[in-house]
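These protein sequence lines map, in sequence, to chains P and S. Here this note's numbering is used: position 25 in the first sequence is 25, and no number is missing along the way. Here this note's numbering is used: position 145 in the second sequence is 359, and no number is missing along the way. This report concerns only the one structure given below.
2 protein chains.
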Amino acid sequence: MRADARHNRERILQAARQAYAVHGIDVPITTVARRAGVGAATLYRHFPTRAALITEAFAEQFARCVAVLEEALEDPDPWRGFCSVVDKVCAMQATDRGFTAAFLSQFPDAIDYDREHSRAEKGLALLVQRAKDAGRLRDDFDPTDITLVLLANSGTVGESQHVSLAASRRLVSYLLQSFQAGHADPLAPPAPLGLHQIHKLSPRRDRPTAGAEV
Amino acid sequence: MRADARHNRERILQAARQAYAVHGIDVPITTVARRAGVGAATLYRHFPTRAALITEAFAEQFARCVAVLEEALEDPDPWRGFCSVVDKVCAMQATDRGFTAAFLSQFPDAIDYDREHSRAEKGLALLVQRAKDAGRLRDDFDPTDITLVLLANSGTVGESQHVSLAASRRLVSYLLQSFQAGHADPLAPPAPLGLHQIHKLSPRRDRPTAGAEV
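The following block contains the structure:
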């Protein structure tokens with residue numbers, strides 16, 4: 001790729017990340033192009049589909065998630081590792097609207113679910129098992145509960161980053177306490193959820209969208 | 215009102231409720247009119263604004279919420295009353311996409327927030343205090359945590375009613391356990407949330423919406 005093409009590509013990605021973080025992934029492609037200072041044709045040459053742009057724009061954050069999980073797996077205290085994954089991923093979700101959407105995306109092509117999600121699921125399952133073996137995570141915690149946390153946390157993501165983060169932190173602190181071993185009461189059965197299935201729950205037409213008028 | 219006008223009004227409301235339950239409140243008004251078998255002009259004569267139609271369509275469900283709260287306040291066991299409010303309202307939220315949206319609506323006119331919400335908040339605050347006094351609800355439970363539950367629960371509402379309800383029930387069972395007295399670890403501080411503020415968290419542009427394409 002020539003230097004000016006690389007430069008344009010980088011500008012487009014940066015503009016996309018900023019726009020997604022503030023407005024979510026529904027931002028029109030033309031807005032991203034305008035913010036990047038390139039024409040729509042240039043944008044399409046680099047990213048022929050919306051999914052390609054989203055995947056690339058969030059590659060860094062997905063890498064961060066993977067790193068968070070790997071760090072947790074290296075923690076000698078598996079419960080602390082487990083808590084740090086939930087904490088950090090939920091905080092990322094609460095502060096970047098675009099990230100949430102990419103995670104919850106209805107476009108199966110937007111992210112390489114098969115590879116990334118099965119990798120994440122395996123690592124999480126290992127962490128969950130270790131935290132149970134250590135006697136800190138309750139035995140009836142189900143791997144699908146990780147998805148449940150992400151879904152519940154997505155509900156706290158709103159207009160204000162400040163409020164979203166505070167709500168997310170409070171929710172996570174409640175949930176982590178309820179995940180600890182030592183609770184005697186039975187839970188409702190696990191829901192049929194998986195990281196693979198998250199995007200199938202969308203679209204959420206029950207959410208009012210801007211400009212929805214009679 | 216003449217009999218045929220009353221009849222039309224009822225048909226419009228029924229069509230609106232059905233459409234909202236399945237597709238959420240973003241359903242076009244023209245779709246509601248078509249389902250009701252009336253013209254758009256007739257619909258507008260009865261409900262001059264989108265907000266008026268939403269308010270009227272959900273009046274019954276809001277009344278049910280009020281009844282749930284009143285029943286709970288009459289329960290001699292305030293903790294059981296508290297749990298039943300959380301259980302029932304979350305189940306309503308999980309099974310009716312339109313209801314969620316009306317609750318989380320960004321249209322302050324859609325519901326009489328001032329009256330309904332301050333009434334709900336007072337009743338809930340009383341129930342919370344009684345459950346604390348009974349030694350069952352943890353002392354650091356904050357009234358804003360009710361809103362937190364509704365927000366978190368809204369995150370479980372997706373395409374499939376079956377999956378949504380299972381996810382909601384599982385989440386609620388975790389949260390109710392974490393709300394019980396006897397947890398020693400401190401929580402993250404309460405988030406600045408209130409039933410009054412829920413609608414301000416919307417619109418959630420981070421949610422992919424149907425038909426959002428390049």
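Glycine included, C-beta positions come from ideal geometry on N, C-alpha and C.
The beta-carbon of V300(S) is placed no less than 7 Å from the nearest beta-carbon of chain P. Its Cα nearest to that of D359(S), the residue P404(S) stands out among N222(S), H397(S), G251(S) and P404(S). Counting along the chain, the unbroken alpha helix (DSSP H) around D145(P) starts and ends at T144 to S154. The DSSP-derived three-state label of L389(S) is helix. Legend: CB atoms of the stretch 61-72 of chain P lying less than 7 Å from CB atoms of chain S are not found in any residue.
A direct Cα-Cα distance of roughly 14 Å separates Y388(S) from A395(S). Not a single unbroken stretch of the alpha helix (DSSP H) spanning 4 or more residues falls wholly within the stretch 221-248 of chain S. Residues of the stretch 159-170 of chain P with a C-beta atom less than 9 Å from some C-beta of chain S are E159, S160, H162, V163, S164, L165, A166, A167, S168, R169 and R170, listed in chain order. Judged by their CB atoms, R352(S) and P292(S) are not nearer to each other than the 7 Å cut-off. Between V241(S) and A233(S), the C-beta gap is smaller than 7 Å, which places the two residues in contact. Comparing alpha carbon positions, the residue from N8(P), T147(P) and V128(P) closest to C90(P) is T147(P). Contacts with chain P at 7 Å (Cβ-Cβ) include L365(S).
Membership of T42(P) in the alpha helix (DSSP H) is indicated by the continuous run A40 to H46. Beta-bridge annotation (DSSP): Q394(S) is paired with L351(S). Relative to R333(S), the option among R220(S), A229(S) and L283(S) whose CA is nearest is L283(S). One Cα belongs to R264(S), the other to R225(S), and the distance between them is close to 16 Å. Residue state for F272(S) is assigned as coil, using DSSP reduced to three classes. Contact with chain S is absent for T55(P), since none of that chain's Cβ atoms lies less than 7 Å from the residue's Cβ. Here G372(S) is buried: its Cβ has 16 or more other Cβ atoms, across all protein chains shown, within 10 Å. For the set P186(P), V149(P), D185(P) and I25(P), the Cα lying nearest the Cα of R170(P) is the one of V149(P). Within chain P, T156, V163, S164, L165, A166, A167, S168, R169, R170 and L171 have C-beta atoms less than 9 Å from the C-beta of A405(S), given in sequence order. For M1(P), there is no enclosing alpha helix (DSSP H), since its DSSP letter is neither H nor E.
At a cut-off of 7 Å between beta-carbon atoms, H397(S) makes contact with chain P. The Cβ of L257(S) sits no closer than 7 Å to any Cβ of chain P. S298(S): member of the alpha helix (DSSP H) spanning P292 to T309, first to last residue. A residue is called buried when at least 16 other Cβ atoms come within 10 angstroms of its Cβ; D96(P) meets this threshold and is buried.
Contact annotation: V300(S) and A286(S) have beta-carbon atoms that are not nearer than 7 Å. Contact between G155(P) and L341(S) does not hold, since their C-beta atoms are separated by about 22 Å, which reaches or exceeds 8 Å.
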